[in-house]
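Undergrad: Dropping the structure in here first, questions after.
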Amino acid sequence: EAQVTQNPRYLITVTGKKLTVTCSQNMNHEYMSWYRQDPGLGLRQIYYSMNVEVTDKGDVPEGYKVSRKEKRNFPLILESPSPNQTSLYFCASSPRPGQLAKNIQYFGAGTRLSVL
Amino acid sequence: RKEVEQDPGPFNVPEGATVAFNCTYSNSASQSFFWYRQDCRKEPKLLMSVYSSGNEDGRFTAQLNRASQYISLLIRDSKLSDSATYLCVVKANAGNNRKLIWGLGTSLAVNP
């Protein structure tokens, strides 16, 4: 089954304790992206990756890191989480340029993070 | 002005009703347009792309008006299962980034 898989789905942590949210897709998509969703602010892009070893900042990258060592994986790293990073996080992927569906994004089920 | 604006609702309609949502966008160079559906606390899922000529998928009809910079979604014969938040999404003309600009969503509740 084609899917985007995020783990963990729920996480409660404390300020300053490094954490990683994993994201994996099995659709051979080149483009991957991380979003956070907050009430009244909607979905905001954190980082994106056009392909392996190619990553770039989105609208709200502060406090986050990403890596893209393999095509299928795009982990989100919070080196020193703070309470303002409490949010619902989504990973998404989409096919390569030139494909008809290239602008359609497929989302993981989300990770609900609480930083105390 | 926000790049993508939607009426947040909520829209409360009875089963079988017809309901329409509008969404305006500010960037006249926007290229692609979508409606996504998001159920409570779940991931957004593509409902339909919006084409220049308008398109229909069953009970759902999407239209684009480039001159006035808005897109619309019409739902006919509403079902209880249509209750969700509908997100208007616009692809920004932003180079390599497949960046999508998301509206805040319109909440729909279909009541028995």
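Residue numbers (my numbering), protein chains in the order written: chain A, 559 to 674; chain B, 2 to 113. Glycine included, C-beta positions come from ideal geometry on N, C-alpha and C. A quick note: this is a predicted structure, and the numbers were derived from the prediction, not measured.
Give me, in chain order, the residues of the same chain whose beta-carbon lies closer than 7 angstroms to that of Ser84 (chain B); leave out the 5 immediate sequence neighbours on both sides.
TA: So the list reads Leu109, Ala110 and Val111, once near-sequence residues are dropped.
Undergrad: At a Cβ cut of 8 angstroms, what residues of the region 38-72 of chain B count as close to chain A, listed as they run along the chain?
TA: Residues passing the 8 angstroms Cβ filter: Arg42, Lys43, Glu44, Pro45, Lys46, Leu47 and Ser50.
Undergrad: Gly666 (chain A) versus chain B: which residues are under 9 angstroms apart at the beta carbon?
TA: Result: Glu44.
Undergrad: Quick one: what's got a C-beta closer than 6 angstroms to Arg654 (chain A)'s C-beta in the same chain, skipping five residues either side?
TA: Result list for Arg654 (chain A): Glu588, in chain order.
Undergrad: Verify whether the separation of the beta carbon atoms of Leu75 (chain B) and Thr62 (chain B) is less than 9 angstroms.
TA: A contact, by the Cβ cut-off of 9 angstroms.
Undergrad: Going by DSSP in three states, Asn642 (chain A) sits in which element: helix, strand or coil?
TA: Reduced to three states, the DSSP call for Asn642 (chain A) is helix.
Undergrad: Is it right to say Cys41 (chain B) is buried, meaning 16 or more other beta carbons lie within 10 angstroms of its own, or is it exposed?
TA: Classification for Cys41 (chain B): exposed.
Undergrad: How many Å lie between Val14 (chain B) and Val20 (chain B) at the Cα?
TA: Roughly 8 angstroms between the two C-alpha positions.
Undergrad: Grouping DSSP H, G and I as helix and E and B as strand, with all else coil, what is Pro617 (chain A)?
TA: According to the sequence as given, residue 617 (chain A) is Asp; it is not Pro. Coil, per DSSP.
Undergrad: Let me know if Ile570 (chain A) comes out buried or exposed under the rule of 16 or more other beta-carbons within 10 Å of its beta-carbon.
TA: Ile570 (chain A) should be labelled exposed.
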